[in-house]
Every structure is written in C-alpha cells, then in structure tokens.
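Student: Using this note's numbering, the letters of the sequence shown correspond one by one to residues 1232 to 1346. Got a structure for you, written out below as structure tokens; questions coming shortly.
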Amino acid sequence: MRKLTFRQNQVNKVSDSNEELREFFNLSAEEFARLIGSASGEIDRPISQRSKQTVENLRLIKESLEAQFEKEEIDRWLHAPSPMFDDRTPIEAMAAGEVELILQELIRLEEGIPG
1232 MRKLTFRQNQ VNKVSDSNEE LREFFNLSAE EFARLIGSAS GEIDRPISQR SKQTVENLRL
1292 IKESLEAQFE KEEIDRWLHA PSPMFDDRTP IEAMAAGEVE LILQELIRLE EGIPG
C-alpha cells in the first residue's frame, strides 16, 4: 500500500471537509463550487485565499446553526425568505456571495440583538 504524501493527505482532508459542508447545506457539487469560487467539480482541489475564507465562514455558519437550532429548524431557517436578506432565503443569499452577511445575522441572533 502506497503512503500518501503530506499534500495528498491535506487535499483529502479538504475534500472530506468540503463534502460535509456541501451535504449540510444540501448543495450540488456545482452549486458548492460556485459558492466557494472554485471551478465546477473541483471542490477537492487547492483553492484561493478568498475561497478558503468562504469555506471557513460556511463552517462557522454550520456551527452556529447547529448550536442554535434543531436539524428541522436549520432546514426551515435556511430555506425561509427573510427581510434581512431582501426576502431571499439564506441559501439564495449565500449563492449571491453574501456568506458574510449570513454569518453576521447568525451572530446577531446568537447574541440576542434584535433585527
């Protein structure tokens, strides 16, 4: 059995982590790749610094949602239009590149700051 190089091992970890996020947000590989600014179908390849920041923000969004809501509530929150996002769903706002806005809204909710 061949040993993986450090780089191959890191790519596999990134791929697994990205796949977990993709599944959590119920996105196709193409949708997820677009969301993080990667070429379609290349969510397991090394990505730009901006894409890394988007992935980190998605991870923080996931953690915040899991800390604040039950699974059914998470799905409902992600797919319910909100005035905070110009009557779009959080998923639609993320697809429009507004991942940081979603994260800010979740922090606001977590801290009990009214909208």
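All C-beta atoms, glycine included, are put in the ideal place defined by N, C-alpha and C. This structure is a prediction, so every number in the text was calculated from the model and none was measured.
Look up residue 1313 in the DSSP assignment and say whether it is helix, strand or coil.
Tutor: Within the sequence shown, residue 1313 is the residue found at index 82, counting from 1. Correct three-state label for residue 1313: strand.
Student: Taking the beta carbon of residue 1274 as the centre, do at least 16 other beta carbons fall within 10 Å, making it buried, or is it exposed?
Tutor: Residue numbering aside, residue 1274 sits at position 43 when the sequence shown is read from its first letter. With a pLDDT of 49 at residue 1274, under the threshold of 50, the predicted position of this residue should be treated as unreliable, and no value is reported.
Student: In whole angstroms, what separates the C-alpha of residue 1342 from that of residue 1295?
Tutor: Residue 1342 sits at position 111 when you count from the first residue of the sequence shown. Residue 1295 sits at position 64 when you count from the first residue of the sequence shown. If I take the Cα positions, the gap works out to 11 Å.
Student: Skipping 5 residues on each side, what residues in its chain have a beta carbon closer than 7 Å to that of residue 1291?
Tutor: Counting from 1 along the sequence shown, the entry for residue 1291 is found at position 60. So the list reads 1334, once near-sequence residues are dropped.
Student: Label residue 1257 either buried or exposed according to how many other C-beta atoms from any shown protein chain fall within 10 Å of its C-beta, with 16 as the threshold for buried.
Tutor: As a working note, residue 1257 is residue 26 in the sequence shown. Exposed is the call here.
Student: So the alpha helix (DSSP H) residue 1289 belongs to, where does it begin and stop?
Tutor: Residue 1289 sits at position 58 when you count from the first residue of the sequence shown. First-last of the alpha helix (DSSP H) with residue 1289: 1280–1299.
Student: CA-CA distance, residue 1356 and residue 1311?
Tutor: Absent from the model: residue 1356. The displayed extent of the chain is 1232 to 1346, so no value can be given.
Student: Looking only at its chain, what residues have a beta carbon closer than 8 Å to the beta carbon of residue 1308, apart from the 5 residues adjacent to it on each side?
Tutor: Taking the sequence shown and counting its residues from 1, the one referred to as residue 1308 is at position 77. Cβ within range, chain order: 1296, 1300, 1321.
Student: Determine whether the beta carbon atoms of residue 1293 and residue 1255 lie at a separation below 7 Å.
Tutor: Taking the sequence shown and counting its residues from 1, the one referred to as residue 1293 is at position 62. Taking the sequence shown and counting its residues from 1, the one referred to as residue 1255 is at position 24. The answer is yes: Cβ separation under 7 Å.
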